[in-house]
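There are 2 protein chains.
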Amino acid sequence: MSDGMEQLNLVFAALADPTRRDLVARLACADATVGELAEPYDMSLQAVSKHLKVLEDAGLVTRGKDAQRRPVHLEAEVFDLMTKWIERYRQRAEERYQRLDAVLDELTNEQNQQRTDRKDAS
Amino acid sequence: MSDGMEQLNLVFAALADPTRRDLVARLACADATVGELAEPYDMSLQAVSKHLKVLEDAGLVTRGKDAQRRPVHLEAEVFDLMTKWIERYRQRAEERYQRLDAVLDELTNEQNQQRTDRKDAS
DNA sequence: GTCTTTGTCAACTAGTTGGTTGATAACGCG
DNA sequence: CGCGTTATCAACCAACTAGTTGACAAAGAC
């Protein structure tokens, strides 16, 4: 089991939670402290701190230090890991879908050919 | 909370499990029955059936009917939902990263300017 | 120094997840 | 019909998750 495997586990699991996806969405616009991030939610500061830890363990986020504040920053690179995984299989699945279309086209053509054959025979 | 919200929850959660990602990977190559899919894993058939149910609930997979067999088919469309979500925020985060670079460049230029000023003053 | 702000750590709880086994349903084959 | 195959359903269990509260650490402000 490769290293990127475990990270994929963490990243997908992290983004499966709507609160955490919202945190990511907000951090995409600007860095923020834990308190600022927690403010809009009906949830304790500790809960948000935990969510941020999950995002950090997944490598989606890093935390700096500014006096007693702990500014949170979104890391873009990790997204690539996911996108690569997704694209690989989406592509294959779509190719298979295209091939199915091709097979159906072929069948149609064969039927046309048979019709032509019958017409030629008549 | 929109409808796609809940589906994002399900899709990300589904792909957070390595067994389920492996199932998706194998289904990208060809459709398969539950038994065929279960064979390589050290796990009961029922467990795999449950995993497939999770993938189905997320819309990643559909199940057909062939006598007592239940062929499983990968659906490519749902991947787009994820890709769109990811790309939106990855892009913003990268833009911010670029802007940071711009700011750093600006600072460097200012320092150069100051150096130039000092040199001019000397 | 003491007080306030900002955040983490620790312990607990309710609900969910990933697995197990056993029973059951649906279908094809003698 | 009864029998084997293929898969789902149901009940159970251990481990994890997402939230809570309370205590505490670290840093600035007084």
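Protein chains in written order, with my numbering: chain A, 1 to 122; chain B, 1001 to 1122. Backbone N, C-alpha and C fix where the C-beta goes; we use that ideal spot for every residue, glycine too. Predicted model only: the values in this text are computed from it and were never measured.
Rounded to whole angstroms, R1088(B) and Q1068(B) show a C-alpha spacing of 43 Å. Within the region 45 to 78 of chain A, those residues whose Cβ lies closer than 8 Å to any Cβ of chain B are, in chain order, L74, E75 and A76. In this chain, the beta strand (DSSP E) harbouring R63(A) covers V61 to R63.
Within chain B, the residues whose beta carbon sits less than 7 Å from that of A28(A) are Y1089, R1092 and A1093, listed in sequence order.
At a beta-carbon threshold of 8 Å, none of the residues of chain A lie near A1032(B); the nearest stands roughly 12 Å away.
Secondary structure note for A1058(B): it is in no alpha helix (DSSP H), with a DSSP letter that is neither H nor E. Under the 10 Å beta carbon count, L1045(B) is surrounded by fewer than 16 other beta carbons and is classified as exposed.
Distances from the CA of G1004(B) to each of D80(A), R21(A), A76(A) and A93(A) were compared; the closest alpha carbon is that of R21(A). No residue range can be given for T1033(B), since it is assigned to no alpha helix (DSSP H) and is classified by DSSP as neither H nor E. When secondary structure is reduced to three states using DSSP, D42(A) falls in the coil class, being assigned neither helix nor strand. Interface flag for M82(A) against chain B is set, since a Cβ pair is found closer than 9 Å. When Cβ-Cβ separations below 9 Å define contact, Y1041(B) makes no contact with chain A. Judged by their CB atoms, L52(A) and V34(A) are nearer to each other than the 9 Å cut-off. For L15(A), the closest C-alpha among the options E56(A), R90(A), K65(A) and A93(A) is that of E56(A). The DSSP-derived three-state label of R1070(B) is coil. The DSSP-derived three-state label of D1022(B) is helix. Collapsing the DSSP output to three states places A16(A) in coil. Chain B places no beta carbon closer than 9 Å to that of L37(A), leaving this residue out of the contacts. Judged by DSSP in its simplified three-state form, E95(A) adopts helix. Between D3(A) and chain B, the shortest Cβ-Cβ separation is not below 9 Å. With the criterion set as a beta carbon lying under 9 Å from some beta carbon of chain A, the members of the region 1005 to 1017 of chain B are M1005, E1006, L1008, N1009, L1010, V1011, F1012, A1013, A1014, L1015, A1016 and D1017, in sequence order. The beta carbon of R63(A) is closer than 6 Å to those of R70 and V72 in its chain, skipping five residues each way along the sequence. Secondary structure of E1075(B) (DSSP, three-state): coil.
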